[in-house]
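Chains D and W, in that order, give the protein sequences.
Each residue of the first sequence is one higher than the one before, counting from 1 in my numbering.
Each residue of the second sequence is one higher than the one before, counting from 1 in my numbering.
Report on the structure given below.
Number of protein chains: 2
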Amino acid sequence: MSSTIVFIGAGNVATHMSKAFLKADNKVLQVYSRTIEHAQMLADEVHADFTNDLENIRNDADIYIFSVKDDALPEILHRMPKTGGIWIHTAGSVPQHIFAPYLTNYGVIYPLQTFSKNRSVSFSEIPIFIEASNAETRKIIESLATTLSSKVYYLVGEKRQYLHLSAVFACNFANHMYTLAADILENEGIPFDILKPLITETAKKITEMSPRDAQTGPAVRFDKSVMEKHLGLLKDEEKKRIYRLLSESIHKHATQND
Amino acid sequence: MSSTIVFIGAGNVATHMSKAFLKADNKVLQVYSRTIEHAQMLADEVHADFTNDLENIRNDADIYIFSVKDDALPEILHRMPKTGGIWIHTAGSVPQHIFAPYLTNYGVIYPLQTFSKNRSVSFSEIPIFIEASNAETRKIIESLATTLSSKVYYLVGEKRQYLHLSAVFACNFANHMYTLAADILENEGIPFDILKPLITETAKKITEMSPRDAQTGPAVRFDKSVMEKHLGLLKDEEKKRIYRLLSESIHKHATQND
């Protein structure tokens with residue numbers, strides 16, 4: 001069963017998801033973005049119309065996918081024209097009932113992945129968490145999500161927000177550690193490439209053992225002389241604070257288990 | 001050219017490195033550990049003798065590899081008997097001249113990787129950073145290291161310590177983010193497995209783009225309402241502090257480039 005879809009938003013998630021829907025034989029009718037160039041760029045890629053005016057949004061689609069910054073969603077919903085179909089957002093931390101004042105059939109499709117515009121991702125391996133306002137809508141959203149991925153789970157919003165929170169740690173914060181490492185090497189004229197096998201192995205290890213068991217390094221060994229040296233090498237106060245706080249936290253988690 | 005090697009230390013690095021040396025047709029003569037069971041366990045694996053008494057260490061090996069906690073190294077060196085051969089340590093943050101009071105031929109073999117006892121690692125892909133006290137010793141250490149890996153680099157200790165520091169961020173701190181994420185999910189009864197595709201993709205992304213460009217999530221978008229919600233969900237003060245500090249740091253790094 002193929003669906004007709006309107007995308008509200010043209011960012012990273014909208015880009016990857018709309019392409020994946022197109023590939024799965026759904027039809028993207030229209031792309032809305034506040035910035036007309038963004039709307040047009042994505043619309044061209046998925047053979048859709050585009051607009052930067054919410055009033056021009058078509059009312060005859062099966063599915064409306066809202067993929068915008070959480071902060072922006074209430075105002076957009078307030079200004080949306082009446083439509084048929086199902087409204088769906090893609091946010092980890094927004095309850096589905098944000099749609100309740102506007103229509104009865106709505107839900108959530110939350111793909112647990114990090115999307116960047118210039119990197120393609122195979123949607124079929126991404127865990128997708130759905131929610132729906134009623135049983136019939138759930139069936140439709142489930143079958144729609146199943147066109148994207150074989151790993152579709154039903155999860156209520158109260159749980160989904162913790163999933164999102166854990167993803168911020170496992171993805172955004174872990175990635176920021178790479179950024180800080182790159183900074184340190186850049187100051188010394190050492191190419192970041194040298195760290196790639198280590199980063200790859202660190203991520204691979206936790207597919208076989210728990211991250212707590214996988215931990216190595218001076219903090220878990222509580223090797224004070226190394227930690228003191230490292231704090232001495234760090235030039236800026238921010239990195240020092242992060243080093244101290246995370247080393248303490250690693251040590252605390254290691255000793256909790258002893 | 002095959003070498004005879006004594007290992008002082010039987011921890012994660014010693015275990016992986018001694019096995020790799022054995023595989024590369026070197027001979028491990030003896031393993032020392034303060035704890036006799038640890039010495040014996042590794043010695044059995046690499047077909048070597050073992051001891052927990054520094055006075056019993058053989059004096060006829062080509063190579064002595066010191067792979068112990070940085071804190072423990074000075075005392076061990078102080079108590080080592082006189083030997084021939086070359087003394088080598090495997091530490092990122094210890095200068096090679098720690099050996100200078102004891103002999104003239106010494107150096108460093110620092111493998112940039114995270115080692116856990118129960119996970120095998122292919123040494124041939126690990127970048128190895130060496131240092132040596134003189135040109136002749138450098139040749140020997142270089143050829144020894146080349147039996148382990150095709151990526152052998154000469155790097156002075158002043159630089160090596162920054163490499164080690166960057167590895168603490170990219171590996172130990174990144175891994176700790178996985179641990180904190182696992183904690184959050186465990187509290188909600190959600191299996192950690194669900195995060196594995198995200199962790200894998202986060203590590204893969206930086207092989208193609210810089211970690212700064214790869215960043216996504218609420219902090220880099222400066223999505224205040226999500227960040228406030230997340231702080232509200234976190235129960236313990238430590239995770240709250242980490243969330244705040246890292247979100248601020250991500251935002252700062254993102255805007256520096258604008």
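We treat Cβ as the ideally placed atom computed from N, Cα and C, and that holds for glycine.
All values reported here derive from a predicted model rather than from experimental measurement.
The secondary-structure analysis by DSSP pairs Asp49/W across a beta bridge with Gln30/W. In the structure shown, the three-state DSSP call for Glu188/W is coil. Tyr102/W carries a coil assignment under DSSP once its states are collapsed to helix, strand and coil. Contact between the region 185-201 of chain W and the region 215-228 of chain D is absent: fewer than three C-beta pairs spanning the two stretches fall below 8 Å. The three-state reading of DSSP puts Gly92/D in coil, since its state is none of H, G, I, E or B. With respect to chain D, the C-beta atom of Glu238/W has a partner C-beta closer than 8 Å.
Against chain W, the beta carbon of Ala219/D has neighbours under 7 Å at Asn172, listed in chain order. According to the DSSP secondary-structure assignment, Val108/D is paired through a beta bridge with His89/D, Glu131/D. Rounded to the nearest whole angstrom, the C-alpha separation of Leu163/D and Thr216/W is 16 Å. Here Arg79/W is exposed, its C-beta having fewer than 16 other C-beta atoms within 10 Å. When DSSP states are grouped into helix, strand and coil, Thr15/W belongs to the helix group. Residues of chain D whose Cβ lies closer than 9 Å to the Cβ of Ile190/W are, in chain order, Leu155, Lys159, Tyr162, Leu163, Ser166. Taken in chain order, the whole alpha helix (DSSP H) runs of length 4 or more contained in the region 136-184 of chain W are 157-167. Think of a sphere of 8 Å around the beta carbon of Pro197/W: the chain D residues whose beta carbon falls inside it are Leu112, Gln113, Glu125, Ile126, Pro127, in chain order.
Assigned with DSSP and collapsed to three states, Phe115/D falls in coil, not helix or strand. In the three-state DSSP reduction, Phe123/W falls in the helix class (H, G or I).
Separation of Lys229/W and Asp71/D (C-alpha to C-alpha, rounded to the nearest whole angstrom) is 12 Å.
Scanning chain D for C-beta atoms nearer than 8 Å to the C-beta of Gln256/W yields nothing, as the closest lies near 10 Å away.
Around the CB of Lys205/W, 16 or more other CB atoms lie within 10 Å, so the residue is classed as buried.
Contact check for Ala39/D against Val28/D fails: the beta carbons are separated by 8 Å or more. For Ala181/D, the closest C-alpha among the options Ala14/D, Ile242/D, Asp62/D is that of Ile242/D. With a threshold of 16 other beta carbon atoms within 10 Å, Pro218/W meets it and is buried.
Contact annotation for Thr202/D against chain W: Thr114, Ala170, Cys171, Ala174, Asn175, Ala203 [CB-CB distance below 8 Å, chain order].
Per the C-alpha coordinates, the member of Ala43/D, Ser122/D, Lys252/D positioned closest to Ala24/D is Ser122/D. The count of Cβ pairs closer than 8 Å, one atom from the region 147-161 of chain D and one from the region 169-186 of chain D, stays below three, leaving the stretches out of contact. In this structure, the straight-line span from the alpha carbon of Thr114/W to that of Met177/D is close to 16 Å.
Rounded to whole angstroms, the gap between the alpha carbons of Asp49/W and Ile128/D is 54 Å.
A distance below 8 Å separates the beta carbons of Ile86/W and Asn105/W. Neighbourhood of His230/D in chain W, by CB distance below 9 Å: Ser93, Gln161, His164, Leu165, Val168, in chain order. Among the residues facing chain D, Arg212/W is included, as its CB has a counterpart in that chain under 8 Å away. In chain order, Thr179 make up the part of chain D whose C-beta sits under 7 Å from the C-beta of His253/W.
In this structure, Ile8/D and Ser67/D form a Cβ contact; the two beta carbons are roughly 7 Å apart against a cut-off of 8 Å. Not a single CB atom of chain D sits nearer than 8 Å to the CB of Gln96/W.
Under the three-state reduction of DSSP, Val220/W is assigned to helix. As the crow flies, the alpha-carbon of Ser116/D is around 25 Å from that of Glu75/D.
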